[in-house]
Amino acid sequence: MAETLTLTAAAAERVGLIARKQGKPAVLRLSVEGGGCSGFQYKFDLDDAPEADDMVSETDGVKLVVDPVSLDLVAGSTVDFVESLGGAAFRVENPQAAAGCGCGSSFGI
1 MAETLTLTAA AAERVGLIAR KQGKPAVLRL SVEGGGCSGF QYKFDLDDAP EADDMVSETD
61 GVKLVVDPVS LDLVAGSTVD FVESLGGAAF RVENPQAAAG CGCGSSFGI
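Numbering follows the UniProt record's numbering, with no gaps: position 41 of the sequence shown is 41.
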């Protein structure tokens with residue numbers, strides 16, 4: 001299994017916009033926490049910089065960082081930003097997720 005993550009151009013653009021508004025670096029941290037409808041849930045935060053043991057992926061100057069524990073659960077995923085009638089949100093397309101829910105922010109392995 002490839003320990004890679006992809007940040008789409010749409011997601012990178014949105015992170016850059018949010019970071020500029022908040023006066024922070026364009027570093028999006030993806031982590032996984034227990035909970036949610038399906039057992040695990042994705043958490044997104046702006047961060048100041050990657051940690052030494054983070055996996056870092058970069059798209060259009062925006063960094064996506066993931067800690068080693070979370071990486072085990074999201075390796076191979078793509079992070080996208082989608083806008084629809086239901087709203088706008090970051091979405092994780094996780095090939096490891098065996099189950100998900102309608103909200104799109106939780107998953108099971």
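Using N, Cα and C, we set each Cβ at its ideal position, and we do this for glycine too.
Review point. Beta-carbon separation of residue 4 and residue 97 under 8 Å?
Key: Residue 97 sits away from residue 4, with the two beta carbons spaced by 8 Å or more.
Practice item. Mind checking which residues open and close the alpha helix (DSSP H) that includes residue 13? Key: Per DSSP, residue 13 belongs to the alpha helix (DSSP H) from 9-22.
**Study point:** Pairwise C-alpha distance: residue 85 and residue 11
**Key:** Going by the C-alpha atoms only, they are around 18 Å apart.
Practice item. Look up residue 93 in the DSSP assignment and give the residues it is bridged to. Key: Looking at the DSSP output, residue 93 sits in a beta bridge with 78.
Exercise for review: Please classify residue 20: is it buried, with 16 or more other beta-carbons within 10 angstroms of its beta-carbon, or exposed?
Suggested key: Note on residue 20: under 16 other CB atoms within 10 angstroms of its CB, so exposed under the neighbour-count rule.
**Study point:** chain D contact for residue 21 (CB, 8 Å cutoff)
**Key:** Note that chain D does not occur in the displayed structure, where there is just one protein chain.
**Study point:** Three-state secondary structure assigned by DSSP to residue 85
**Key:** Judged by DSSP in its simplified three-state form, residue 85 adopts coil rather than helix or strand.
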